[in-house]
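Chemist: Okay, so the sequence shown: first residue is 2 according to this note's numbering, each after it adds one.
Glycine included, each C-beta is placed from N, C-alpha and C at the ideal position.
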Amino acid sequence: MGQEEFRVNGEDVLEKVKEIVKEGMARRIIIKNEKGQTVIEVPLAVGLGGIALLPVWAAIGAATALITNCTIVVEKEKKSS
Numbered sequence: 002m003g004q005e006e007f008r009v010n011g012e013d014v015l016e017k018v019k020e021i022v023k024e025g026m027a028r029r030i031i032i033k034n035e036k037g038q039t040v041i042e043v044p045l046a047v048g049l050g051g052i053a054l055l056p057v058w059a060a061i062g063a064a065t066a067l068i069t070n071c072t073i074v075v076e077k078e079k080k081s082s
């Protein structure tokens, strides 16, 4: 399993997470604050989409509302050859 990290402003977190989910292959998304502490961790089931993710968007928006800068850690599935 691979990992990628993205540093974003708090106001841009939700859009970046939506972009990551749309790309696929993400198994888990972890959002950390400026101090590196985990704010929210979201496991993603394969095939989730649309309406099923509304509670996830709301949780991410609420958890990151007061964060200025944060890091999004994305755990991805390795592509099978």
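Is it buried or exposed for Leu45, if we count other Cβ within 10 angstroms and need 16 for buried?
Modeler: Looking at its Cβ environment, which holds 16 or more other Cβ atoms inside 10 Å, Leu45 is buried.
Chemist: Are the Cβ atoms of Gly11 and Thr72 separated by less than 7 Å?
Modeler: no
Chemist: Return the Cβ separation of Val57 and Glu6 in integer angstroms, given the expectation that the two are a contact with Cβ distance under 8 Å.
Modeler: Rounded, the Cβ-Cβ distance is 19 Å, inconsistent with contact.
Chemist: Taking the straight line between their C-alpha atoms, what separation do you get for Gly25 and Glu76?
Modeler: For Gly25 and Glu76, the distance between alpha carbons rounds to 11 Å.
Chemist: Where do the ends of the beta strand (DSSP E) carrying Gly3 lie?
Modeler: 3-10
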